[in-house]
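Just below is one structure, and these are the notes that go with it.
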Amino acid sequence: MASFRGTFDYTLDAKNRLTVPARFRAVLADGVVMSKSTEPCVQLWVPADYDAFTSAALSPLNPASPDARKLRRFFSANSHDTELDSAGRIGFPPFLLEHGKLGKDVVVTGAGDCLEVWDRQTWASYNDELAAEADEITARLTA
């Protein structure tokens, strides 16, 4: 499983392509799954890691249950398989640009098992809230 860390300011080009940070290109060289997050961002996954994530999310559910079907549909319909071009870029399909409200200025953040692409202003607000909540979240995680 890949391990993605860091925060990087980037700009989408006129064709809505992102130049993937150089340090992550090798791990994404065999393909990328772009997906909607449940938050207003777009996730970039190594295909095998996306499959493992979706399988883990679905594993506790009865596969025939309405919730399992809805979640499986969410994961499948809201993802897009692509590859890096020769310059290390990926293009965003319109439905993912819309979901992430992505304009020209974006932030690429490491999220452990995937990268996330956020609108720069949205990320700044979200990260401020996250930092303010970190102690509270940690306190709830008692052993």
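The sequence shown begins at 80 in this note's numbering and counts up one residue at a time.
Just so it is clear, CB atoms sit at the ideal spot from N, CA and C, and this is done for glycine as well.
**OP:** For the alpha helix (DSSP H) holding SER204, just list the boundary residues, first then last.
**Re:** Start and end: 199 to 219.
Original post:
Does the Cβ of GLY191 have 16 or more other Cβ atoms within 10 Å, making it buried, or fewer, making it exposed?
Top reply: The residue in question, GLY191, is exposed, as its Cβ has fewer than 16 Cβ neighbours within 10 Å.
Original post:
Around the C-beta of SER138, are 16 or more other C-beta atoms found within 10 angstroms, so that it is buried, or is it exposed?
Top reply: Its Cβ having fewer than 16 others within 10 Å, SER138 is exposed.
Original post:
Using CA coordinates, which residue listed in THR217, ASP160, LEU91 is at the minimum distance from LYS115?
Top reply: That would be ASP160, whose Cα lies nearest to the Cα of LYS115.
Subject >> Unbroken alpha helix (DSSP H) run spanning THR133, endpoints >> reply: Where THR133 is concerned, the enclosing alpha helix (DSSP H) stretches over 126 to 137.
Subject >> Proximity winner among TYR89, GLY85, ARG84, ARG151, relative to ASP184 (alpha-carbon distances) >> reply: Residue TYR89 is the option with its Cα nearest to ASP184.
Subject >> ALA211 versus PRO145 - alpha carbon distance >> reply: Cα-Cα distance, rounded: 36 Å.
Original post:
Tell me, which residues are paired with HIS159 by DSSP?
Top reply: When beta bridges are read from the DSSP output, HIS159 appears opposite MET113.
Subject >> Neighbour-count burial assignment, GLY179, 16 or more Cβ in a 10 Å radius >> reply: So GLY179 ends up on the buried side.
**OP:** For GLY85, collect the residues of the same chain with a Cβ closer than 7 Å to its Cβ; drop the 5 residues on either side in sequence, then sort them by chain order.
**Re:** Excluding sequence positions up to five before and after GLY85, its CB lies within less than 7 Å of the CB of GLY189, all in the same chain and listed in chain order.
**OP:** Taking only the alpha-carbon atoms, compute the straight-line gap between VAL225 and ASP130 and give it to the nearest angstrom.
**Re:** Outside the displayed range of the chain (80 to 222) lies residue 225, so it cannot be described from this structure.
Original post:
Out of curiosity, what's the CA-to-CA distance linking ASN141 and LYS149?
Top reply: Distance between the alpha carbons of ASN141 and LYS149: 12 Å.
Original post:
Beta carbon of CYS193, beta carbon of PHE103: below 8 Å?
Top reply: By the CB criterion at 8 Å, CYS193 and PHE103 fall outside the cutoff.
Original post:
Nearest to ALA166 by CA position, among ARG151, ARG96, ALA143, TYR205, is which residue?
Top reply: Measuring from the Cα of ALA166, the nearest candidate turns out to be ARG96.
**OP:** Determine the contact status of ALA108 and LEU163, defining contact as a CB-CB distance below 8 Å.
**Re:** In this structure, LEU163 lies closer than 8 Å to ALA108 by Cβ.
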